Each structure stands twice: as structure tokens, then as C-alpha cells.
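A.B. asks:
See below:
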């Protein structure tokens, strides 16, 4: 189950930049979100998996589908796919080896429980504040664009 | 050992997003690559919290979802405006914004 979800997620992430049709790219992004939701189910977190489906697919992906329907095909070669795959593996391998391998030992690293507790739990109100401010940015951008269009 | 698999997968997806944001020339795909990075961050946070510390992950996840939603809201509006103005999606040609 983990292997299937991982393969689906990574393949869909690569396919986003392989296709020239934006609708297909949006569908591939929604597939990545579904794969992340399946991985949350594997971690026995059904509520978070459901929230992931509601928010990322029901909300964000739907909005992206409506927005991307403006353009049918990307008429230019937007991504060098071979370069993308090569650089992705070049960056991923040191990250995985450096941070992930270190977490299996006894040394104090960024992913240990004490470090995570101290970093995250003290900053929780700031996360809420950041979330509210960003929502304001999103809504404000819609209002400004509507005024710009109306002005033209 | 299974935590290592989740960390490796989230780093793989993260690196795809990073490289795609750096190499792609399409405006909308650059935005989607940021969404991929946020998805990888969500996966990593859920995996580490479920295995290492049983703290409250929901508030952090709501912040991450809010980042993703607000970013895509703003960018899709700009994208629709660019399409309506018949601007090119190639970011190398965005110097034409000065004509707005």
C-alpha cells in the first residue's frame, strides 16, 4: 500500500511538468493530493486524511480546475523534463541521506522529539496568525483584480 | 524504519517541487510546484508527529493548508487576468507587465 501510494505520488508529480495540457496537470496535482491522503490513512490518521481530501482536492484543486480552464494547451516547451528528473534526484538523495539517516541514530537532530516539541508548540498562535493573514492576502488579491478589470 | 520511508518520500516530492520551480518557464506550473512543496511539507509533518511526538498537529496542518489555499487563490486570479489580457504564460516574457 505504501509503495503504491509513493509511486502514484511521485509519478503524478513528474507528470504535472511533462504534459502540455493544463487540465491534465491539474488532475495530476489532485492525484498527488490523493496519494498524500492515502499515506495519512496508512499512518492511521483518518481524520487528517479526510481533511486533506476536503481541503486540497475539494477546495484547492477544484479552484485550480476552474482557473486553468482558461487555457487549453501550453504552446511552448515549458519544462526541460530530463533536467527536472536529474536535478530532483540530485537534490533528494543528499536530503534523504543527511536528515533522514540521522534521525535513526541517537544524535540530536532536527527531527528528534524534543526539538520538534520546543519549536512547534511555542509558536502555535503565530501559525494561526499567519494563516489568517494569508487568507486576507488571498481575498484581497481577488478584490483588487476585480477592481482592475472593472477599471479597464 | 517505516518513518524513514515517509521522510524519504516527502523529500523526494519536495525536491521535485523545488527543481520544477527553478526550471519551468510556465507561470501556472511555477505556482503548482509551490503547491507540491507544501504537500511534501504536510506529509513530512504528519509522519514525524505521528511517529515521534503525539502532539497536536491539526493547528500546524491548518496553517499549511491556509498557505496553500491563499497562494493558489491569489495566483489563479492573476492567471485568469493574464489569460484575458492574452499575455504569454512564458515567464521570460513577463517584462511586458510594465505596459499594464
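Residue numbers (the working numbering), protein chains in the order written: chain A, 1 to 152; chain B, 1001 to 1100. By construction, the Cβ of each residue, glycine as well, lies at the ideal position given by its N, Cα and C atoms. Fair warning: this is a prediction, and the values are worked out from it, not measured in the lab.
What is the DSSP secondary structure of residue 24 (chain A), counted as helix, strand or coil?
C.D. replies: Helix.
A.B. asks: Report the residue from B:1051, B:1063 and B:1087 whose alpha carbon sits nearest the alpha carbon of residue 1038 (chain B).
C.D. replies: B:1063
A.B. asks: Bridge partners of residue 1026 (chain B), per DSSP?
C.D. replies: As computed with DSSP, residue 1026 (chain B) is found in a beta bridge with B:1090.
A.B. asks: Is there a Cβ from chain B that is less than 9 Å from the Cβ of residue 78 (chain A)?
C.D. replies: yes
A.B. asks: Could you tell me which chain A residues have their CB closer than 7 Å to the CB of residue 1041 (chain B), listed as they occur along the chain?
C.D. replies: Within 7 Å Cβ-Cβ: nothing; residue 1041 (chain B) doesn't reach chain A, min ~10 Å.
A.B. asks: Please work out which residues of its chain come closer than 7 Å, Cβ to Cβ, to residue 38 (chain A), disregarding the five sequence neighbours upstream and downstream, and give them in chain order.
C.D. replies: Result list for residue 38 (chain A): 5, in chain order.
A.B. asks: Using a Cβ-Cβ cutoff of less than 7 Å, which residues in the same chain neighbour residue 17 (chain A) once the five nearest sequence positions on both sides are dropped?
C.D. replies: 79, 81 and 84
A.B. asks: Which first and last residues belong to the alpha helix (DSSP H) in which residue 57 (chain A) is found?
C.D. replies: Unbroken run through residue 57 (chain A): none, as it is neither H nor E.
A.B. asks: Give the straight-line distance between the Cα atoms of residue 132 (chain A) and residue 1069 (chain B), rounded to the nearest whole angstrom.
C.D. replies: 11 Å
A.B. asks: If we ignore side chains and look at the alpha-carbon of each, how far apart do residue 134 (chain A) and residue 1071 (chain B) end up?
C.D. replies: For residue 134 (chain A) and residue 1071 (chain B), the gap between their C-alpha atoms comes out near 8 Å.
A.B. asks: Count the other C-beta atoms from every protein chain shown that fall within 10 angstroms of the C-beta of residue 1011 (chain B), then say buried if there are 16 or more, exposed otherwise.
C.D. replies: buried
A.B. asks: Does any CB atom of chain A fall closer than 9 Å to the CB of residue 1090 (chain B)?
C.D. replies: Yes, because at least one Cβ of chain A sits closer than 9 Å to the Cβ of residue 1090 (chain B).
A.B. asks: Under 9 Å between C-beta atoms, does residue 4 (chain A) make it to chain B?
C.D. replies: Taking Cβ atoms only, chain B never reaches closer than 9 Å to residue 4 (chain A), which makes this a no.
A.B. asks: What are the residues of the stretch 28-60 of chain A that lie near chain B, defined by any Cβ-Cβ distance shorter than 8 Å?
C.D. replies: 29, 32, 33, 36, 39, 40, 43, 44, 45, 48, 51, 52, 55, 56, 59 and 60
A.B. asks: Please work out which residues of its chain come closer than 8 Å, Cβ to Cβ, to residue 19 (chain A), disregarding the five sequence neighbours upstream and downstream, and give them in chain order.
C.D. replies: 25 and 28
A.B. asks: Ends of the alpha helix (DSSP H) at residue 1071 (chain B)?
C.D. replies: 1058-1084
A.B. asks: Assign residue 1040 (chain B) to buried or exposed, taking buried as 16 or more other Cβ atoms, counted over all protein chains shown, within 10 Å of its Cβ.
C.D. replies: So residue 1040 (chain B) ends up on the buried side.
A.B. asks: Does the CB of residue 1034 (chain B) have a neighbour CB from chain A at under 9 Å?
C.D. replies: no
A.B. asks: Terminal residues of the continuous alpha helix (DSSP H) containing residue 5 (chain A)?
C.D. replies: 2-16
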